[in-house]
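K.L.:
Next up is a structure, given as structure tokens.
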Amino acid sequence: MTSEGLIAGEWHVRSPGEAGCSTPPKEIGGGSPPNNLVYLADGNETAAHTLRLALNLNQPQAPAMGLQLLLQASHSLSLRVTGKRLPPQISAAITSRLGNASATVGQVNISVVRTDWATGDGYNLQVRFE
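Position 75 of the sequence shown, counting from 1, maps to 75 under our numbering, and the rest follow consecutively.
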């Protein structure tokens, strides 16, 4: 995900059968705290099984740039993982900010999940490749 400015750290084994890596948050726009995008990979000692792009909308009144970056990174990851473009229903779930969509491309399940924060101050929008 280096073309999107998301450079993952080293693969770390957390416990037997559980490992992963992530990027530092890529800050998007202003505000305190700013919106940010993170790339995460989870798996075991030898391979990743779940790839996630997580957009944290700390400034939900200014989502446009973050949503555009999430959509762009999701398209790139879909091409790398499945060899195909991101399904339209996944793109729509990102741009609408609603989440709660899934599609299967080959043997890969792609989903978009939105989690609203209990504080009501923002939300997390994740695109998962499993």
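We put the beta carbon where it would ideally sit given N, CA and C, even for glycine.
Classify T95 as helix, strand or coil using the three-state DSSP reduction.
P.N.:
helix
K.L.:
Could you have a look at E4 and say whether DSSP puts it in helix, strand or coil?
P.N.:
helix
K.L.:
Quick check on the burial criterion: 16 or more other C-beta atoms within 10 angstroms. Buried or exposed for I90?
P.N.:
buried
K.L.:
If you draw a straight line from the C-alpha of Y39 to the C-alpha of L53, how long is it?
P.N.:
5 Å
K.L.:
Could you tell me if P63 is buried or exposed, where buried requires 16 or more neighbouring beta carbons within 10 angstroms of its beta carbon?
P.N.:
buried
K.L.:
What number of angstroms, rounded off, separates the C-alpha of E27 from the C-alpha of N124?
P.N.:
14 Å
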